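Novice:
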Amino acid sequence: NQTENQTENQPGFSMGKTENNLYNNDFLGLQFRLPEGWVFYTDAQILELNNIVKDEVLDEEVVKQLENATIVYDMYASNQAEGSNVNVNMEKLSLLQIATLDIKKTLESQMDTIRSTYENVGYTDVNIAYQKVTVDGKEFDSLQSTAKIQGMDFYMVAFAFRKGNYLVSVTVGSLLTDKTADILSCFTVK
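For the sequence shown, our numbering begins at 31 and goes up steadily by one.
#1: Give a yes or no on whether 8 Å exceeds the smallest Cβ distance from GLN161 to chain B.
#2: Could you check the C-alpha separation between VAL69 and SER175 for me, to the nearest Å?
#3: Quick one: which unbroken beta strand (DSSP E) runs of 3-plus residues sit fully inside the region 79 to 163? Chain order, please.
#4: On the CB-based measure, 16 or more other CB atoms within 10 Å of its CB, does LYS134 come out buried or exposed?
#5: For the region 98 to 110 against the region 127 to 141, do three or more pairs of beta-carbon atoms, one drawn from each stretch, fall closer than 8 Å, so that the two count as touching?
#6: Is DSSP giving GLN75 helix, strand or coil here?
#7: Measuring straight from C-alpha to C-alpha, what distance separates PHE57 and PHE43?
#8: By alpha-carbon positions, which one of TYR153, GLU149, ASN109 ends up nearest to THR210?
#9: List the residues that DSSP assigns as beta-bridge partners of GLY194.
#10: On the DSSP bridge assignment, give the partners of PHE62 in chain order.
#11: Per DSSP, which one or two residues make a beta bridge with ASP183?
#12: With a CB to CB cut of under 6 Å and the five nearest residues on each side skipped, what residues in its chain are close to GLY203?
#13: ASP212 by DSSP, collapsed to three states: which one?
#14: What's the call for ASN117, buried or exposed, on a 16-neighbour Cβ count within 10 Å?
#15: Is it the case that the Cβ atoms of TYR160 and LEU137 are separated by a distance below 8 Å?
#16: Taking the Cβ atom as the reference point for each residue, do LYS168 and VAL200 lie within a distance shorter than 8 Å?
#17: Use the C-beta contact count for THR207: other C-beta atoms within 10 angstroms, 16 or more gives buried, fewer gives exposed.
#18: Please return the same chain residues whose Cβ sits closer than 8 Å to the Cβ of GLU34, not counting the five positions on each side in sequence.
#19: Where does ASN55 land, buried or exposed, given buried means 16+ other C-beta within 10 angstroms?
#20: Could you give the DSSP three-state label for LEU206: helix, strand or coil?
Given below as structure tokens:
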């Protein structure tokens, strides 16, 4: 179980930025380069995922709301034509959660809930397994899922790591053919 201390050299909490075809979050140490045919959610769409209506609040208030949120959606990108997507979110942890965090156990404890959620929205043949996954030469705890939806194959990989007071989850999914490895190869982990 790895613990990570915030040091003066590490940036504090911040949202990632998307510019041209690149998502970058210095706080998380993550970059994602959009594959051809993909689009990022706009800043307004990301705020909407976080239940924040920009017209109603000032920028400083938005930052404060995001810093105090339990779960922050930081990035979402998709390729509608091929049914693939990727998202990054951060779950704020309490001091007790940080002290006792075991990412493998946390992921394994979510498997039944994820299976039920998939089945409740119409997925069949749902299989979920814990595995290590390598992204940009670094190994992470992950859940890997396969299922069927309306006769189409669905593939998902979700990997997680701790950064500061947050449990970071990166989820990639694809329909018809398993493109999860191709999508994961677009990440750079600093």
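Even for Gly, the Cβ is constructed at its ideal location relative to N, Cα and C. As the structure is a computational prediction, the values presented were derived from the model and not from experiment.
Specialist: This is what the structure holds:
#1: Of the chains in the structure shown, none is chain B; there is only one protein chain.
#2: Stepping through the sequence shown from its first residue, residue 69 is reached at position 39. Stepping through the sequence shown from its first residue, residue 175 is reached at position 145. Distance between the alpha carbons of VAL69 and SER175: 24 Å.
#3: 101 to 109, 114 to 122
#4: Along the sequence shown, read from residue 1 onward, the residue named residue 134 stands at position 104. With fewer than 16 Cβ atoms within 10 Å of its Cβ, LYS134 is classed as exposed.
#5: no
#6: Within the sequence shown, residue 75 is the residue found at index 45, counting from 1. Helix.
#7: In the sequence shown, counting from the first residue as 1, residue 57 sits at position 27. In the sequence shown, counting from the first residue as 1, residue 43 sits at position 13. Approximately 6 Å between the Cα atoms of the pair.
#8: As a position in the sequence shown, residue 210 is number 180, starting the count at 1. Taking only the C-alpha atoms, the option nearest THR210 is ASN109.
#9: The residue labelled residue 194 in the question sits at position 164 within the sequence shown. Beta-bridge pairing links GLY194 to no other residue.
#10: Numbered from its first residue, the sequence shown carries residue 62 at position 32. For PHE62, which the question treats as bridged, DSSP gives the partners TYR53, PHE217.
#11: The residue labelled residue 183 in the question sits at position 153 within the sequence shown. DSSP, once it has assigned bridges, lists LYS178 as partnering ASP183.
#12: Taking the first residue of the sequence shown as position 1, residue 203 is located at position 173. Cβ neighbours of GLY203 beyond the five flanking positions: ASN115, MET186.
#13: Along the sequence shown, read from residue 1 onward, the residue named residue 212 stands at position 182. Three-state DSSP puts ASP212 in a helix.
#14: Counting from one through the sequence shown, the residue named residue 117 turns up at place 87. Per the 10 Å Cβ criterion, buried.
#15: The residue given as residue 160 occupies position 130 in the sequence shown. The residue given as residue 137 occupies position 107 in the sequence shown. Yes, these two residues count as a Cβ contact at 8 Å.
#16: Reading the sequence shown from its first residue, position 138 is the one you call residue 168. Reading the sequence shown from its first residue, position 170 is the one you call residue 200. No, the Cβ-Cβ distance between LYS168 and VAL200 is not below 8 Å.
#17: Locating residue 207 in the sequence shown gives position 177, counting from the first residue. Flag for THR207 reads exposed.
#18: Counted from its first residue, the sequence shown places residue 34 at position 4. No answer about GLU34 holds up, because its pLDDT of 41 lies below 50 and its placement is not dependable.
#19: Here the question's residue 55 lines up with position 25 in the sequence shown. Flag for ASN55 reads buried.
#20: Translated into positions along the sequence shown, residue 206 becomes position 176. Reduced to three states, the DSSP call for LEU206 is coil.
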